[in-house]
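Heads up, the thing below is written out as structure tokens.
Numbering (the numbering used here), first residue to last: 31 to 457.
This is the structure in structure tokens:
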């Protein structure tokens, strides 16, 4: 990652994203805690997360809007709009105002889709194709690091200063991101070559994913894995209570372990992409998660730690591989719609699998379900590993060698030359 971080333009964008991702990591879980505090209901607290996720069904429409504009101005504006959307939280006082939290959560979900789609295009305009994997890995390193402490900081901030402080932190983070992006200078065409001129172009991203062979194979394999990967959200609680005999709060400890594994995975992902390609990195991530699920079929504290480390390691490998592949195999003018469509195709099955897992764990043994998750994901990983043959491994970026000044003649040589010339003139 040191190569991409040596670029001043990417460092500027990296600083902007650091501000917005920090605000996000502090804010989201704390909003659910806020609703729990106001209502006393676990169900209403969980509904906050659903409100944020539900707008993903509108991802193709959001991607169509993103592709109508240049990337840097849109990304800057989207950060400012996100900051404005958070300000109604300052009016929340009691349980009668909970609807405001849900509304803000849904609007934030829409804005996060727009931010992700425009960021994908901005990275493509800013960096050579060979550095995209390193850029994603750098951002994943920050995201995984924030997972370790961000939610705890948000909960502590809410306990000390209340919801208004959370809102101020969120607004400040996105305004700071917009201000830093305003300093960024990136060369991009005035109008994208493939402009989303009409609403009929809204489905162009989905059509591209279906017709481009590499993307079709990658999303087919990862889509199958997504149908079961969400089971683990519900199964982990059953594993902790029934298998380890510990209170539900111990799940938070395991999530911290997973975050540590995610940090390692983010650091390793550029090397994995260089060695095996984007689809190979995606295959490795899916297979590692399947292996972790199989380990969890047998309860044991140290086995749980090993499994959660593997699960954390797998997530950045999959994320970096898939998103780098989408950027590399999509023309810039279509990238907003394709990124948004990818988000919908991945998160949709995951959301369904979370609900399905919650229902199945009530009637089936969690160990059987973990075994099912492991086998399906290993099969999907094997399919993706074979599919990597159809996608060339990206070339490693070659940096220009530093220019060295030409050595001048040595003083003694210049002196000798002057003496000879003078002798010739005196003849």
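Backbone N, C-alpha and C fix where the C-beta goes; we use that ideal spot for every residue, glycine too. The structure displayed is predicted, hence computed values, not measured ones.
Counting only runs of 4 or more residues that sit fully inside the stretch 349 to 424, the alpha helix (DSSP H) segments are 365 to 390 and 396 to 417, in chain order. Under the three-state reduction of DSSP output, residue 328 falls in the coil class, being neither helix nor strand. The Cβ-Cβ distance between residue 56 and residue 192 does not fall below 7 Å.
The beta carbons of residue 58 and residue 82 sit about 7 Å from each other, so the pair counts as a contact at 8 Å. In this structure, DSSP gives residue 269 a helical state, which the three-state scheme calls helix. Here residue 65 has 74, 75, 78, 128 and 131 as same chain residues with Cβ atoms under 7 Å from its own Cβ, once five neighbours each way along the sequence are excluded. For the pair residue 368 and residue 166, the CB atoms are not nearer than the 7 Å cut-off.
Residue nearest to residue 320 within the set 256, 171, 164 and 103 is 256 (criterion: CA-CA distance). In this structure, DSSP gives residue 127 a helical state, which the three-state scheme calls helix. In the DSSP annotation of this structure, residue 84 is not part of any alpha helix (DSSP H), being labelled neither H nor E. Straight-line spacing of the CA atoms in residue 301 and residue 411 works out to 19 Å. In the three-state reduction of the DSSP assignment, residue 192 falls in the coil class. Taking C-beta atoms under 8 Å as the contact rule, residue 144 and residue 108 qualify, at a distance of about 5 Å. As the crow flies, the alpha-carbon of residue 186 is around 19 Å from that of residue 123. About 6 Å separates the beta carbon of residue 106 from that of residue 212, a gap short enough to meet the 8 Å contact definition. Contact annotation: the stretch 195 to 212 does not touch the stretch 324 to 342, with fewer than three C-beta pairs closer than 8 Å. Scanning 252, 267, 160 and 391 for the CA closest to the CA of residue 33 turns up 160. In the DSSP annotation of this structure, residue 275 is not part of any alpha helix (DSSP H), being labelled neither H nor E. With the rule of 3 Cβ pairs closer than 8 Å, the stretch 288 to 305 does not count as touching the stretch 325 to 334. C-alpha of residue 353 to C-alpha of residue 240: approximately 16 Å in a straight line.
Within the stretch 49 to 115, the alpha helix (DSSP H) runs of at least 4 residues that lie entirely inside it are, in chain order, 72 to 83 and 89 to 96. Distance between residue 114 and residue 135, taken at the CA atoms: about 13 Å.
The beta carbons of residue 357 and residue 162 sit about 5 Å from each other, so the pair counts as a contact at 8 Å.
Cα atoms of residue 317 and residue 408: separation of roughly 5 Å, rounded to the nearest angstrom.
In this structure, residue 175 sits away from residue 101, with a CB-CB distance that is not shorter than 7 Å. DSSP places residue 254 in the uninterrupted alpha helix (DSSP H) bounded by 243 to 259.
Its chain contains 306, 307, 309, 310 and 313 as the residues whose beta carbon lies nearer than 7 Å to that of residue 418, once the 5 sequence neighbours on both sides are disregarded; these appear in chain order. Residue 93 is a Cβ neighbour of residue 366, given a cutoff of 7 Å.
DSSP places residue 35 in the uninterrupted alpha helix (DSSP H) bounded by 32 to 35. Residue 387 places its beta carbon 7 Å or farther from that of residue 329.
Distance check between residue 80 and each of 95, 97 and 61 places 61 closest, using alpha-carbon atoms only. Of all alpha-carbon atoms in 401, 69, 142 and 97, the one lying nearest the alpha-carbon of residue 262 is that of 401. Relative to residue 326, the option among 376, 342, 197 and 269 whose CA is nearest is 269. A straight line joining the alpha-carbon of residue 153 with that of residue 384 spans about 31 Å.
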